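**Student:**
In the numbering used here, the protein residues as written are 90 to 233.
#1: Relative to the C-alpha of residue 194, which residue among 215, 211, 171 is closest?
#2: Tell me the DSSP secondary structure of residue 70 in three-state form.
#3: With 16 as the cutoff for other CB atoms within 10 Å, does residue 138 come out buried or exposed?
#4: Count the CB pairs spanning the stretch 172 to 187 and the stretch 198 to 205 that are closer than 8 Å, and state whether there are at least three.
#5: Using only the alpha-carbon positions, how far apart do residue 132 and residue 163 sit?
#6: Restricting to Cα atoms, I'd like to know which of 181, 155, 127 is closest to residue 142.
#7: Since residue 192 and residue 155 should fall inside the 8 Å C-beta cutoff, what is the C-beta to C-beta distance between them, to a whole number of angstroms?
#8: Straight-line CA distance for residue 113 to residue 106?
#9: On the CB-based measure, 16 or more other CB atoms within 10 Å of its CB, does residue 224 come out buried or exposed?
#10: What residue does the beta strand (DSSP E) around residue 223 start on, and which one ends it?
#11: Measure the alpha-carbon distance for residue 176 versus residue 160 and round it to whole angstroms.
#12: So, for residue 228: in the same chain, excluding its five sequence neighbours on each side, which residues have a beta-carbon less than 6 Å away from its beta-carbon?
#13: Could you have a look at residue 143 and say whether DSSP puts it in helix, strand or coil?
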């Protein structure tokens with residue numbers, strides 16, 4: 090099912106040249122970086138890659154959704170940590186992604202942590218964009 094926005098709140102625009110061995114620049118100039126395939130994929134490494142950028146965006150967005158879930162539950166999640174691991178690999182004759190989200194929230198038990206992570210996964214725009222398309226494994230645990 091395709092989701093249509095009720096309204097557009099913001100649009101980010103980034104232009105890439107040269108593909109995985111190129112450069113990316115945002116229209117506002119905040120992103121201006123080289124891209125290189127990682128050594129694990131036969132590239133030279135030494136610069137960021139699309140999977141790292143996706144992981145950064147997903148982790149930040151998910152933590153924002155976790156904050157919203159925490160506010161609804163009246164639980165402080167401001168010290169939480171969200172680590173997104175984005176994997177790439179072959180799917181038949183194409184390539185696909187898989188994501189693991191590790192969520193840690195200080196001061197909550199494991200059941201409460203998982204409930205908040207599940208609520209965040211329900212409302213996060215990245216989760217909604219990937220749902221039904223790729224595997225996203227949400228692993229919640231109390232902070233150590």
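Backbone N, C-alpha and C define an ideal beta-carbon position, used for all residues, glycine too.
None of the values given here were measured: they were computed from a predicted structure.
**Tutor:** Looking at the coordinates:
#1: Answer by Cα proximity: 171.
#2: What is shown of the chain runs 90 to 233, which leaves residue 70 out entirely.
#3: With 16 or more Cβ atoms within 10 Å of its Cβ, residue 138 is classed as buried.
#4: Taking a cut-off of 8 Å for Cβ pairs, the stretch 172 to 187 and the stretch 198 to 205 do not touch, as fewer than three such pairs fall below it.
#5: In a straight line, the C-alpha of residue 132 is about 46 Å away from that of residue 163.
#6: Selected option, being the one with the closest Cα: 127.
#7: Taking C-beta atoms under 8 Å as the contact rule, residue 192 and residue 155 qualify, at a distance of about 7 Å.
#8: Whole-angstrom Cα-Cα distance: 7 Å.
#9: With fewer than 16 other Cβ atoms within 10 Å, it is exposed.
#10: From DSSP, residue 223 is part of no beta strand (DSSP E); its letter is neither H nor E.
#11: Cα to Cα, residue 176 sits roughly 31 Å from residue 160.
#12: Cβ within range, chain order: 191.
#13: Correct three-state label for residue 143: helix.
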